[in-house]
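Working notes for the structure below.
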Amino acid sequence: MASNIFQSIQHSPYQPPSSMAIDILGLLWPKNSSLFNPNKNITKHARYYEYADQLTLLCEFVESLQQKGLARAFGVIKFVDLRRSHLTFPGKNKAHVVRDLDNIDHVFKGFDFNAFLDHGPDFHAHQRDTMLHEICALAAMPPHRNIMPCPQILVVVDDEAGRERICGFLQPVMRTGTLDDQVIKANKTDLRIPLAQQARWCHGMAAGLLHTHRVGGTYHMDVKPGNTLIDDDDETRLIDWEQSGVSMFTHSKEVTIDQAAEETGEPDANGRRRIVYIPREDQTRVNLPWGYPKWNVFPEWHETCPRAAELAEVFSLGRVMWMLFERLEQNPDPTVWTERSQDIPSSWIDMSNRCQQKDPNDRPELDEVVEFWRREEERYSFRGANGSASRG
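The numbering of the sequence shown is the UniProt record's numbering, which starts it at 1 and goes up by one.
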């Protein structure tokens, strides 16, 4: 069985698409950059093979994907063959800009040896339920231009028996960084982000979320500016699919309570039934040991009341709109509109506010949000006349 699996794994240098950039916000590798081999002499550490044994075997992971009907052909690269910069991205799992032997840059996301040393006894479960879960989630996701695709290349280390174990994966580096980076850059240069560009980004974020729920049959649960990349085509790409916690900057109130959700009554004029939320008496359950809150309602809501999961993400989307329009770095502060957004159309502010209604039943559905931003992008885009602004 293993031989058949490895026939689908390419052990050759990975070449990213030419459209993917290799720097972030103009960041280039300085001539005297401190590049270091993260695996240099690390195998001599007394606990190195304890670390390797806690990682999942590559062959077993690929087999598990096949059993789920998610067969993928992955490229594979040794962690020892990557050089790492000191550019690190925030998040529960470490992400670094790395360079391979062909001098191609990537973002490495995963668990290196230092992460193991800093971790507690549940390291194996953590890497399984976050890093590997993210790969599985993306492998199951039908492609969409506003969602980062499944990684094409996995990063491995060898255990003491010489077997390859997954410690992470590589994704392309985007030159313009995240939506949060764009806001920071705009503030530093004291420039406004064009309305056409903001409409395009809002449309892309909403379209990606609609695809996630209605086509992908899943949820994201951590929508925020820092998890929205801007690619070379000025399209948004939703990243970070661990599904292991909500954002402290954008989460809705209802997802912080262990409660059931169900639709009741007759449909209204728009075909919507009212959602009622029923908190559980015992609020001590834990199914999310590495994130917030301790009980993740999304898996249950996704099965029993998908609209509840959708409307929770509509709230997060509204918060992201507010931060973009106000040019604010991602933050947990209450939504307050100031003169910073005085050039923003009132209908845009109204849409953001509607998305952030305390009662989920008062929020717009995702398809309404997508249609609103489709029209706004067309209205403000120079390309709107020929229809090139439309999205699936």
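From the three backbone atoms N, C-alpha and C, an ideal C-beta is built for every residue, glycine too.
What you are looking at is a predicted structure, and each value in this text was computed from that prediction instead of being measured.
Apart from the five residues on each side of it in sequence, which residues of its chain come closer than 6 Å, Cβ to Cβ, to residue i?
i, result
"V221", "Looking at the sequence shown, residue 221 is not Val but Met. Excluding residues within five positions, the ones whose Cβ falls inside 6 Å are Q243, V246, F298."
"F116", "Y51, F123"
"L27", "Residue confidence for L27 is low, a pLDDT of 36 falling below 50, so the modelled location carries little weight; the figure read from the coordinates is stated next. Excluding positions up to five away in sequence, the list is empty."
"A312", "S252, V255"
"N296", "N287, L288"
"E376", "A199"
Look up residue i in the DSSP assignment and give the residues it is bridged to.
i, result
"Y277", "A261"
"D268", "Answer by DSSP bridge pairing: none, since D268 is not bridged."
"F108", "H96, L170"
"T178", "L229"
"E164", "D158"
Could you name the residues of the same chain whose beta carbon sits closer than 8 Å to that of residue i, not counting the 5 residues immediately before and after it, in chain order?
i, result
"D362", "R354"
"K358", "K253"
"D343", "R192, L195"
I think residue i touches residue j, with their Cβ atoms under 8 Å apart; what is that distance to the nearest whole Å?
i, j, result
"E160", "Y49", "4 Å"
"L55", "V157", "7 Å"
"G204", "E235", "5 Å"
"F169", "I135", "6 Å"
"L366", "L179", "Incorrect: roughly 18 Å between the Cβ atoms, too far for contact."
"D112", "D100", "Going by Cβ atoms, the distance from D112 to D100 rounds to 15 Å, so no, they are not a contact pair."
"I147", "H213", "About 12 Å; that fails the 8 Å criterion."
"C202", "E263", "About 28 Å separates the two Cβ atoms, so there is no contact after all."
"R165", "L57", "6 Å"
Could you name the residues of the same chain whose beta carbon sits closer than 7 Å to that of residue i, not counting the 5 residues immediately before and after it, in chain order?
i, result
"K294", "V286, L288"
"residue 451", "The displayed coordinates of the chain run from 1 to 392. Any statement about residue 451 would go beyond what the structure contains."
"D231", "M174, R237"
"S33", "In this prediction, S33 has a pLDDT of 38, which is less than 50 and means its spatial position is unreliable; what the coordinates show is noted afterwards. For S33, where only same-chain residues beyond five positions count, the Cβ hits under 7 Å are S85."
"Y292", "G245, V246, M248"
Which stretch, first to last residue, makes up the beta strand (DSSP E) that contains residue i?
i, result
"I135", "Here I135 belongs to no beta strand (DSSP E); instead the alpha helix (DSSP H) covers 133-140."
"L229", "228-230"
"D158", "153-158"
"Q54", "Segment 48-54 is the alpha helix (DSSP H) holding Q54; no beta strand (DSSP E) there."
"C202", "From DSSP, C202 is part of no beta strand (DSSP E) but of the alpha helix (DSSP H) over 195-210."
"E242", "Per DSSP, E242 belongs to no beta strand (DSSP E) and is neither H nor E."
"I147", "First-last for I147: undefined, no H or E at that position."
"I77", "75-78"
How would you write the range of the alpha helix (DSSP H) that residue i sits in, first residue to last?
i, result
"F315", "306-326"
"R237", "Looking at the DSSP string, R237 is not in any alpha helix (DSSP H); the run it does join, the beta strand (DSSP E), is 236-238."
"V370", "366-380"
"residue 394", "An answer regarding residue 394 cannot be provided, because it is not within the stretch 1 to 392 covered by the chain."
"R340", "Looking at the DSSP string, R340 is not in any alpha helix (DSSP H), and its letter there is neither H nor E."
Using a Cβ cut-off of 8 Å (strictly closer), state whether residue i contacts chain D.
i, result
"G204", "Absent from the structure: chain D. Only one protein chain is present."
Review point. Between the region 63-72 and the region 91-111, do three or more beta carbon pairs fall short of 8 Å?
Key: no
Practice item. Would you check if the region 221-230 and the region 305-320 touch, i.e. whether three or more CB-CB distances between them fall below 8 Å? Key: yes
**Study point:** Inter-stretch contact at 8 Å, needing at least 3 Cβ pairs: the region 124-139 / the region 187-203
**Key:** no
Review point. Looking at C-beta atoms only, is the number of pairs between the region 299-306 and the region 322-335 that lie closer than 8 Å three or more?
Key: no
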